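Asker: Quick one: the structure is below, and I'll ask about it shortly.
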Amino acid sequence: MKIPDTPATRRALGIDKGKRKAKPKGVKKPSDKSKKYAMLAAYCDAKGWEIPDDEFRFHPVRKWRFDAAFVERRLAIEFHGGVWSGGRHTTGDGFSKDQEKWANAALLGWRIIPVTSGQFAAGALWEYLEYEFAGVKK
Numbered sequence: 172m173k174i175p176d177t178p179a180t181r182r183a184l185g186i187d188k189g190k191r192k193a194k195p196k197g198v199k200k201p202s203d204k205s206k207k208y209a210m211l212a213a214y215c216d217a218k219g220w221e222i223p224d225d226e227f228r229f230h231p232v233r234k235w236r237f238d239a240a241f242v243e244r245r246l247a248i249e250f251h252g253g254v255w256s257g258g259r260h261t262t263g264d265g266f267s268k269d270q271e272k273w274a275n276a277a278l279l280g281w282r283i284i285p286v287t288s289g290q291f292a293a294g295a296l297w298e299y300l301e302y303e304f305a306g307v308k309k
C-alpha cells in the first residue's frame with residue numbers, strides 16, 4: 172500500500188503543486204519524523220479514526236516518549252530512521268535503550284509498532300493500522 176496522495180497529506184507535508192515559495196529566514200525544515208507524524212495524522216483523519224498523540228510520554232517516572240500513540244488503544248508507533256546509515260537505533264547502546272523502553276512499555280500494557288523509513292515508504296504502517304482498526308490480527 173502506498174502513502175496516500177490526498178490534499179490533506181500534501182498540506183501536512185508542505186507539498187505545493189504550484190510555485191515554490193521562498194523559505195522565511197529562521198524557519199527550520201521539518202524533520203523526517205515530524206513529516207511522518209503529519210502524514211499519519213492526515214491518514215487517520217481521512218479514515219475517520221482517532222488522531223494519535225504526538226511525542227506521547229507514557230511512563231510515570233522516566234521521560235520516555237512514543238513518536239505517536241493511540242492512547243485509548245495503548246498502541247504506539249515508533250519511527251526508526253537511519254537504519255542503513257548508522258542511526259541511533261542501530262548502535263549497540265541505542266538498541267539496548269530501545270529494548271529497555273519497550274520492555275517497560277509492555278509491562279504497562281502498551282503494544283508497539285516499530286517502522287523503518289523503508290517500511291513507511293512502502294506503506295507497511297497503513298496496512299498494520301488497517302488491521303488494527305478493523306479488529307483483524309495478522
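For what it's worth, my numbering labels the leading residue of the sequence shown as 172, then goes sequentially.
Backbone N, C-alpha and C fix where the C-beta goes; we use that ideal spot for every residue, glycine too.
Because the structure is a prediction, the values reported are computed rather than measured.
1. Decide if D238 is buried, meaning its Cβ has at least 16 other Cβ atoms within 10 Å, or exposed.
2. Comparing C-alpha positions only, which one of F291, Q290, W281, V286 sits nearest to E243?
3. Is it right to say P231 is buried, meaning 16 or more other beta carbons lie within 10 angstroms of its own, or is it exposed?
4. Report the three-state DSSP secondary structure of E226 (helix, strand or coil).
5. Are the CB atoms of R233 and E226 nearer to each other than 7 Å?
6. Going by beta-carbon coordinates alone, are I283 and W273 separated by less than 7 Å?
7. Within this structure, are the beta carbons of P223 and H251 separated by less than 7 Å?
Answerer: Short version:
1. The sequence position of residue 238 within the sequence shown is 67, counting from 1. Buried: at least 16 other Cβ atoms inside 10 Å.
2. Taking the first residue of the sequence shown as position 1, residue 243 is located at position 72. The shortest C-alpha separation from E243 is found at W281.
3. In the sequence shown, residue 231 corresponds to position 60, counting from 1. Counting Cβ neighbours within 10 Å, P231 comes out exposed, since fewer than 16 surround it.
4. Numbered from its first residue, the sequence shown carries residue 226 at position 55. It is a strand residue.
5. Against the sequence shown, residue 233 aligns to sequence position 62. Against the sequence shown, residue 226 aligns to sequence position 55. No, the Cβ-Cβ distance between R233 and E226 is not below 7 Å.
6. Residue numbering aside, residue 283 sits at position 112 when the sequence shown is read from its first letter. Residue numbering aside, residue 273 sits at position 102 when the sequence shown is read from its first letter. Result yes, Cβ atoms of I283 and W273 sit closer than 7 Å.
7. Translated into the one-based positions of the sequence shown, residue 223 becomes position 52. Translated into the one-based positions of the sequence shown, residue 251 becomes position 80. Against a cut-off of 7 Å, the Cβ pair of H251 and P223 comes out as no contact.
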